[in-house]
Amino acid sequence: MNVDDKDFFVRLYKLLSYTMQLRNSDDVDDYILSPVVNAEGKFFDSRNSDGSLPCDADANGAYHIAKKAMWAIGKIKEADEESFKKTSLAIDNKTWLEFVQKA
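Numbering (my numbering), first residue to last: 6 to 108.
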(Lines of atoms letter the chains of each structure in order from A and count residues from 1; the text may use other names and numbers.)
(Lines give C-alpha, C1' and ligand atoms only; values in the text may rest on other atoms or scores of the structure.)
Protein backbone atom coordinates (compact mmCIF):
# COMPACT_ATOMS: atom_id res chain seq x y z
CA MET A 1 0.00 0.00 0.00
CA ASN A 2 1.33 3.42 -0.99
CA VAL A 3 1.11 6.36 1.48
CA ASP A 4 0.17 8.60 -1.44
CA ASP A 5 -2.88 6.42 -2.03
CA LYS A 6 -6.21 7.66 -0.62
CA ASP A 7 -7.13 4.12 0.43
CA PHE A 8 -4.11 4.05 2.77
CA PHE A 9 -5.41 7.04 4.70
CA VAL A 10 -9.00 5.79 4.72
CA ARG A 11 -7.82 2.49 6.22
CA LEU A 12 -5.46 4.23 8.66
CA TYR A 13 -8.28 6.51 9.85
CA LYS A 14 -10.57 3.52 10.38
CA LEU A 15 -7.92 1.68 12.39
CA LEU A 16 -7.16 4.75 14.52
CA SER A 17 -10.89 5.17 15.15
CA TYR A 18 -10.98 1.66 16.62
CA THR A 19 -8.22 2.57 19.07
CA MET A 20 -10.24 5.57 20.30
CA GLN A 21 -13.56 3.73 20.44
CA LEU A 22 -15.16 3.72 23.89
CA ARG A 23 -18.34 1.78 23.22
CA ASN A 24 -18.13 -1.73 21.84
CA SER A 25 -21.26 -3.69 21.05
CA ASP A 26 -22.74 -6.30 18.79
CA ASP A 27 -25.68 -8.71 19.07
CA VAL A 28 -24.15 -10.44 22.11
CA ASP A 29 -21.72 -8.07 23.83
CA ASP A 30 -22.12 -4.49 25.05
CA TYR A 31 -19.20 -3.09 26.98
CA ILE A 32 -17.04 -0.04 27.57
CA LEU A 33 -13.31 -0.24 26.91
CA SER A 34 -11.57 3.02 27.67
CA PRO A 35 -8.73 4.13 25.39
CA VAL A 36 -7.28 6.10 28.33
CA VAL A 37 -4.97 4.46 30.85
CA ASN A 38 -5.48 5.22 34.55
CA ALA A 39 -2.83 6.04 37.17
CA GLU A 40 -2.28 2.31 37.76
CA GLY A 41 -1.50 1.69 34.09
CA LYS A 42 -4.81 -0.06 33.41
CA PHE A 43 -7.60 0.56 30.92
CA PHE A 44 -11.19 0.50 32.23
CA ASP A 45 -13.08 -2.50 30.84
CA SER A 46 -16.70 -2.76 31.99
CA ARG A 47 -16.61 -6.52 31.49
CA ASN A 48 -14.36 -6.61 34.57
CA SER A 49 -16.28 -4.00 36.58
CA ASP A 50 -17.02 -4.56 40.26
CA GLY A 51 -20.43 -2.90 39.99
CA SER A 52 -19.37 0.51 41.27
CA LEU A 53 -18.84 1.76 37.70
CA PRO A 54 -20.95 1.35 34.55
CA CYS A 55 -21.46 -2.27 33.54
CA ASP A 56 -22.15 -1.66 29.85
CA ALA A 57 -22.43 1.05 27.24
CA ASP A 58 -26.24 1.24 27.41
CA ALA A 59 -26.17 1.80 31.17
CA ASN A 60 -23.50 4.46 30.76
CA GLY A 61 -25.53 6.23 28.07
CA ALA A 62 -28.70 6.16 30.18
CA TYR A 63 -26.76 7.52 33.17
CA HIS A 64 -25.46 10.48 31.16
CA ILE A 65 -28.87 11.21 29.66
CA ALA A 66 -30.23 11.40 33.21
CA LYS A 67 -27.32 13.64 34.27
CA LYS A 68 -28.02 15.98 31.36
CA ALA A 69 -31.69 16.12 32.37
CA MET A 70 -30.59 17.09 35.90
CA TRP A 71 -28.42 19.86 34.44
CA ALA A 72 -31.28 21.11 32.22
CA ILE A 73 -33.75 21.11 35.13
CA GLY A 74 -31.25 23.13 37.15
CA LYS A 75 -30.96 25.70 34.33
CA ILE A 76 -34.75 25.97 34.12
CA LYS A 77 -35.08 26.41 37.90
CA GLU A 78 -32.41 29.15 37.85
CA ALA A 79 -34.29 31.16 35.22
CA ASP A 80 -36.76 33.77 36.32
CA GLU A 81 -39.95 34.41 34.38
CA GLU A 82 -38.31 37.01 32.15
CA SER A 83 -35.18 35.05 31.25
CA PHE A 84 -36.96 31.69 30.91
CA LYS A 85 -37.73 32.09 27.20
CA LYS A 86 -34.08 32.87 26.48
CA THR A 87 -32.70 29.98 28.54
CA SER A 88 -30.57 27.73 26.35
CA LEU A 89 -30.42 24.04 27.11
CA ALA A 90 -27.42 23.55 24.84
CA ILE A 91 -24.23 22.69 26.68
CA ASP A 92 -20.62 22.87 25.51
CA ASN A 93 -18.07 20.16 26.34
CA LYS A 94 -16.20 22.23 28.94
CA THR A 95 -19.35 23.05 30.89
CA TRP A 96 -20.58 19.45 30.65
CA LEU A 97 -17.31 18.01 31.95
CA GLU A 98 -17.26 20.49 34.83
CA PHE A 99 -20.85 19.55 35.72
CA VAL A 100 -20.39 15.77 35.68
CA GLN A 101 -17.09 15.93 37.56
CA LYS A 102 -18.52 17.90 40.49
CA ALA A 103 -21.98 16.33 40.65
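Don't be surprised by glycine CBs; every beta carbon is placed ideally from N, CA and C.
Of the residues assessed, SER30 falls on the exposed side of the cut-off, its CB having fewer than 16 other CB atoms within 10 angstroms. In this structure ILE37 is in contact with ASN65, their Cβ atoms being roughly 6 Å apart against a cut-off of 8 Å. Within a 10 Å sphere around the beta-carbon of SER51 sit 16 or more other beta-carbons, which makes this residue buried. Relative to the Cα of LEU58, the nearest Cα in the group TRP76, ASP85, SER39, GLU86 belongs to SER39. For PHE14, the uninterrupted alpha helix (DSSP H) segment begins and ends at 11 to 25.
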